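Okay, so here's the structure we're looking at.
Residue numbers (my numbering): 1251 to 1458.
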């Protein structure tokens, strides 16, 4: 019995010492809009015709979609090119010059994770495909359809997290995830490996 007490005491002290040496850390990377339906895939603009496609998250400028202001309105690539819904059901999304008041360019995320515009359409992965290069189209909003579920994210090649031993995830070391606040307006995707992690999780770096 005494031996068990000693072992428990040592374990408690070890955990306490480890927690005391940990420091909070936030994820850094490029903005993106990631898919819940197809893990590790983001909205991507094809250079040749400005069509918006499903593609592996890589943090490039052609995936750097973010709201120009707040959490409603135009979503741009950080320039004057905005995410633009198609003219009708089944038409493809594109990246076009931003025009304030254009209903096809005014977006918001609903609580069901759909990305909807003022024209009444949702951003939809055509046919529910998970294949890179699939078109993103305007479609009737269907709450619960995973191919219409998105979230704004941060794409990073790697991030050091947690107080656990380093493990190989995606292209960089990822350590333990401490806690999650659930769905949020900020998330992180590890580029190239399809790791989808909320950005409001509590990260701790044991190497600090």
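Each residue gets a CB set at the ideal place from its N, CA and C atoms; glycine is no exception. On a predicted model such as this, the values are computed, not experimentally measured, just so you know.
* Report buried or exposed for residue 1367, applying the criterion of at least 16 other Cβ atoms within 10 angstroms of its Cβ. => In this structure residue 1367 is buried. Its beta-carbon is surrounded by 16 or more other beta-carbon atoms within 10 angstroms.
* Helix, strand or coil: how does DSSP classify residue 1346 here? -> For residue 1346, the three-state secondary structure derived from DSSP is strand.
* To do: Look at the Cβ atom of residue 1384, then the Cβ atom of residue 1280, and state whether they are nearer than 9 Å.
  => No.
* Asked: Is the Cβ-Cβ distance between residue 1373 and residue 1333 less than 9 Å?
  -> In this structure, residue 1373 lies near residue 1333, with their beta-carbon atoms less than 9 Å apart.
* Asked: Of all the CB atoms in chain E, is at least one closer than 9 Å to the CB of residue 1398?
  -> Absent from the structure is chain E; it holds one protein chain and no more.
* Asked: For the 8 Å Cβ check, are there 3 or more pairs between the segment 1357-1371 and the segment 1322-1341?
  -> A contact exists between the segment 1357-1371 and the segment 1322-1341.
* Would you tell me roughly how many angstroms separate the C-alpha atoms of residue 1443 and residue 1287, rounded to the nearest one? => Here the model assigns residue 1443 a pLDDT of 35, short of 50, so the residue's position is not dependable, and the following value carries that caveat. Taking the Cα positions, residue 1443 is about 15 Å away from residue 1287.
* Asked: By Cβ distance below 8 Å, which residues in the same chain neighbour residue 1322 in space, the five residues on each side in sequence not counted?
  -> The residues are 1356, 1357 and 1358.
* Asked: Is it right to say residue 1350 is buried, meaning 16 or more other beta carbons lie within 10 angstroms of its own, or is it exposed?
  -> A residue is called buried once 16 or more other Cβ atoms fall within 10 Å of its Cβ, and residue 1350, having fewer, is exposed.
* Give every residue of the same chain whose Cβ lies closer than 7 Å to the Cβ of residue 1344, excluding the five residues on either side of it in the sequence, and list them in chain order. => 1300, 1301, 1302 and 1334, listed in sequence order.
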